[in-house]
Amino acid sequence: MMFSLQSVYTKTIALVLTVGLSTSLAACGQAEPNRYHPHSRSDQVPELVKRNGSTTSSDMNMAESTTTIAQPEPITINGRQIQPTTPGAKLRFGKKAIIVTENLTDRFFAWSVTVNNGARVEPDALMVNETEDSEYIDHYQCTTYNMIFLGAFSFNDDDFLMVSGPEDKTHSAVPAPSFTSVTAMGEEADIVSGNIKSVCGIDEHDRIPALESDLHVGVTYRGALLSVVYQEITEEEMPAAIYYEYDDETLPPIQWR
């Protein structure tokens, strides 16, 4: 079994072609049999629109291209079939999404993620570096999220550049899902960095470990974002949503509101 970008987060490119081009472009639509990679690949773009890395006006006159995101194909982990959430899904706070992340050694981690509604945190609950801007902070908004680890997997049998045998879980880094706080206008909100998890009530033993050998299937891990709410801002400038964004920028984020 091969695990490719097309099989998990499928990008369907629909081409409206002039008469006579269908046959010559048929080969361009075939997916390259390659393992899943989260980054966009230029060799997955049809030749018609890839010419020298740009699209010319004559190309656009010959064909129009639109990109839609199809539902990802299910994956099987430990004998259990799991359906990843379609990129671009818009969820309410409290609803779950299935997310697949990848570490630098081409090992994949599946998570069931639930983002909770934000809670107000007063300024005196934490100490931030005092600057000219810090005096404009009105309060903070803490958004917690739960991540159930569903399992890890890799497809190395068909890759001659990978060492055969069992995975080195002792030194396999955990690619924890990361999230972005977004305002009602769709702009990225300011967040507080540093050790904010204790401020949001996340215990040390609930945090995602750094190594796969310390992960346990079925266990719920927790994280948090601490968004900044400034004085005298409009409702549209308030933190309103949490995004999970993909490394591949052609894939729209999963949203919680």
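Numbering (mature numbering (1 follows the signal peptide of the UniProt record, and there is no 0)), first residue to last: -26 to -1, 1 to 231. Here a beta-carbon is modelled for each residue, glycine too, at the ideal position from N, C-alpha and C. Predicted model only: the values in this text are computed from it and were never measured.
Over what stretch of residues does the beta strand (DSSP E) that includes Pro213 continue unbroken? 213 to 218
Cβ-Cβ distance between Tyr218 and Ala71 below 9 Å: Result yes, Cβ atoms of Tyr218 and Ala71 sit closer than 9 Å.
Gly197 to Thr117 span [Cα, whole Å]: 9 Å
Measure the Cβ-Cβ separation of Ser155 and Ala215 and say whether it is below 9 Å. yes
Can you tell me the Cα-Cα spacing of Ala93 and Val173, whole angstroms? Each residue's Cα considered, the two are about 11 Å apart.
Among the residues of its own chain, which have a CB less than 7 Å from the CB of Thr79, if the five just before and after it don't count? Ser146
Return the Cβ separation of Asn52 and Val191 in integer angstroms, given the expectation that the two are a contact with Cβ distance under 8 Å. So it is a contact: roughly 7 Å between Cβ atoms.
I need the straight-line Cα distance from Pro149 to Asn77, nearest angstrom please. 5 Å
In or out: Pro227 buried (at least 16 other Cβ within 10 Å) or exposed? buried
Given that a residue counts as buried once 16 or more other Cβ atoms are within 10 Å of its Cβ, and exposed if not, what is Thr75? buried
Per-residue DSSP class, three states only, for Asp221: coil
DSSP beta-bridge partners of Ala126: Phe83
Could you check the C-alpha separation between Met159 and Asp142 for me, to the nearest Å? Spanning the two alpha carbons is a distance of roughly 44 Å.
Helix, strand or coil for Ala198, going by three-state DSSP, please let me know. Here Ala198 sits in strand by DSSP.
Taking a contact to mean a Cβ-Cβ separation below 9 Å, would you say Phe62 touches Leu225 in this structure? The question names Phe, but residue 62 is Gly in the sequence shown. Cβ atoms of Gly62 and Leu225: closer than 9 Å.
Alpha carbons only, please: which of Phe67, Phe83, Asp107, Glu223 is nearest the one belonging to Ile56? Out of Phe67, Phe83, Asp107, Glu223, Phe83 has the C-alpha closest to the C-alpha of Ile56.
Just to confirm the assignment, what range does the beta strand (DSSP E) spanning Thr75 have? 70 to 76
Taking a contact to mean a Cβ-Cβ separation below 9 Å, would you say Asn183 touches Trp85 in this structure? Per the sequence presented here, residue 183 reads as Pro, with Asn not at that position. No, the pair does not count as a contact, with Cβ atoms beyond the cut-off.
With distances taken from CA atoms, which of Asp107, Thr144, Asn90 is nearest Met121? Asn90
Can you tell me which of Lys69, Leu65, Phe67, Gln45 puts its alpha carbon nearest to the alpha carbon of Thr58? Inspection of the sequence shows that residue 58 is occupied by Pro rather than by Thr. Answer by Cα proximity: Gln45.
Of the residues Arg231, Glu206, Ile73, Leu200, which one's Cα is nearest the Cα of Glu96? Leu200
By DSSP, does His145 sit in helix, in strand, or in coil? helix
Give every residue of the same chain whose Cβ lies closer than 6 Å to the Cβ of Lys64, excluding the five residues on either side of it in the sequence, and list them in chain order. Gln229
In this structure, how does DSSP classify His113 when only helix, strand and coil are distinguished? strand
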